[in-house]
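For reference, the structure discussed in these notes is given below.
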Amino acid sequence: MSTAAQDPDLVGRRDRLTERFTLGQAELGGIFYEMAIRDHVRLDVLMRKAAALQRVDAELTEVQRELDGAGW
Amino acid sequence: MTFTDDRPTARAVAAPQPATGPPHTRPLAATEPPTAADPARAATRWEQCDQCQSPVDQAQRYCVVCGTNQRRADDPVTRFFVAARRSRTAVAVAPAPTGRTVSTTVAALLIALLPVAAGIGIVVGRGSADSGDQVIEALKAVRGTQTAGAATGAAAMAPADEALAATNADADAAKKAKASDGGKVEGIDTSTEQAPILASGPTGNARKLEDTKPTKKDIEESKKAVDQINSRKGKEYIDQQRDLPDSIVIP
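These protein sequence lines map, in sequence, to chains A and B.
To get the numbering used here, take the position in the first sequence, counting from 1, and add 324.
To get the numbering used here, take the position in the second sequence, counting from 1, and add 12.
Right, dumping it as structure tokens:
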């Protein structure tokens, strides 16, 4: 894969999605931690957050595939 | 699958602990809001979730009912990401000096070319003036010799002197050739040319006059030159200054 001639817009989008995914994952862990120490684990809230994180993950995978396929 | 963990969990220690302990020892907040029957918890200050208005502890980072982040609470994860972003920005800004170095080099090159541009301007400005061309040629010869002289020392100055002398000879020849033009001193030929030359310039030679005696011819020609000087005015007076003999005998 050639990283020198990648589309800068696509690379920027990939970076933003990566940041969103990282923050979402940390947030999901933080929510669960907060619930666990307070004995108030609510699976529906966690699943909703996990679903949002999964959407970001799927989008990130697609962008990364486009970047890999570009392969100038 | 069954997990066994003998360590005391937050829940296990949370219940008997007072509400002022560290976050992991605090009691459940959201589902059990303070009541009058529980004075210890009633003394605790409660906030409300911005999203669902559920009661949240001051140090609670996420609402356990809706999962919304509580921005009031100190969050080490947020601090970590902010610091990471700042360091990335600093790294991205760091290569900037390379661009400045390139622009500095270009500026230095332009400054170095200024004398060349000035020389071209002089050539263009002077046009076809013979004396100007000769001066420029002499300057070029001297400059070239000085450049070479940086490596070869004083010996390299000889060609420059030769070039200057040649230029002076050309100037003298041109001066004689133009003697018949208007505004010039006509028919003057100084006999003091036999005197030794002290210094040479584009406009003529400076000769040693000490211990030299003017001839009768010198006196007559000098008188003629003085008369011509006195008879010219304005631009003619200035122009004739260029074509005076090397020496004029004062009667």
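Don't be surprised by glycine CBs; every beta carbon is placed ideally from N, CA and C.
Just so you know, these numbers come straight off a predicted model, no measurement behind them.
Residue i - partner residues in DSSP beta bridges
i: residue 69(B); result: 58(B)
i: residue 209(B); result: 219(B)
i: residue 74(B); result: 81(B)
Sub-9 Å separation of residue i and residue j beta-carbons
i: residue 355(A); j: residue 367(A); result: no
i: residue 80(B); j: residue 61(B); result: yes
i: residue 334(A); j: residue 377(A); result: no
i: residue 57(B); j: residue 70(B); result: yes
i: residue 374(A); j: residue 352(A); result: yes
i: residue 384(A); j: residue 347(A); result: no
i: residue 82(B); j: residue 68(B); result: yes
i: residue 59(B); j: residue 84(B); result: yes
i: residue 209(B); j: residue 220(B); result: yes
i: residue 128(B); j: residue 148(B); result: no
Of the listed residues the options, nearest to residue i (C-alpha basis)
i: residue 9(B); options: 240(B), 254(B) and 261(B); result: This structure leaves residue 9(B) out entirely; chain B is present only between 13 and 263.
i: residue 381(A); options: 345(A), 364(A) and 337(A); result: 345(A)
i: residue 73(B); options: 387(A), 337(A), 362(A) and 341(A); result: 362(A)
i: residue 269(B); options: 247(B), 250(B), 246(B) and 224(B); result: Residue 269(B) is absent from the structure shown; chain B starts at 13 and stops at 263.
i: residue 218(B); options: 257(B), 76(B), 229(B) and 234(B); result: 257(B)
i: residue 78(B); options: 337(A), 359(A), 343(A) and 332(A); result: 359(A)
i: residue 343(A); options: 96(B), 59(B), 67(B) and 63(B); result: 96(B)
i: residue 215(B); options: 233(B), 252(B), 230(B) and 116(B); result: 252(B)
i: residue 76(B); options: 386(A), 357(A) and 387(A); result: 357(A)
i: residue 150(B); options: 247(B), 212(B) and 106(B); result: 212(B)
i: residue 131(B); options: 152(B), 249(B) and 234(B); result: 152(B)
i: residue 222(B); options: 228(B), 234(B) and 207(B); result: 207(B)
Segment limits, alpha helix (DSSP H) that includes residue i
i: residue 243(B); result: 228 to 243
i: residue 361(A); result: 332 to 361
i: residue 102(B); result: 88 to 105
i: residue 260(B); result: From DSSP, residue 260(B) is part of no alpha helix (DSSP H); its letter is neither H nor E.
i: residue 252(B); result: 246 to 252
Chain A contact residues for residue i, given Cβ-Cβ distances below 7 Å
i: residue 73(B); result: 354 and 358
7 Å Cβ cut-off: residues of chain B touching residue i
i: residue 351(A); result: 81
i: residue 338(A); result: The premise fails here: residue 338(A) is roughly 15 Å from chain B at the closest Cβ pair, so nothing lies under 7 Å.
i: residue 379(A); result: In chain order: nothing, as chain B lies at least about 16 Å away.
Under 8 Å from the C-beta of residue i: neighbouring residues of chain B
i: residue 347(A); result: 93
i: residue 344(A); result: None at all; the shortest Cβ gap to chain B is about 11 Å.
8 Å Cβ cut-off: residues of chain A touching residue i
i: residue 78(B); result: 369
Residues that residue i contacts on chain A, provided the C-beta gap is smaller than 9 Å
i: residue 89(B); result: 347, 350, 351, 353 and 354
Residues that residue i contacts on chain B, provided the C-beta gap is smaller than 9 Å
i: residue 389(A); result: Neighbours of residue 389(A) on chain B: none; closest Cβ ~25 Å, over 9 Å.
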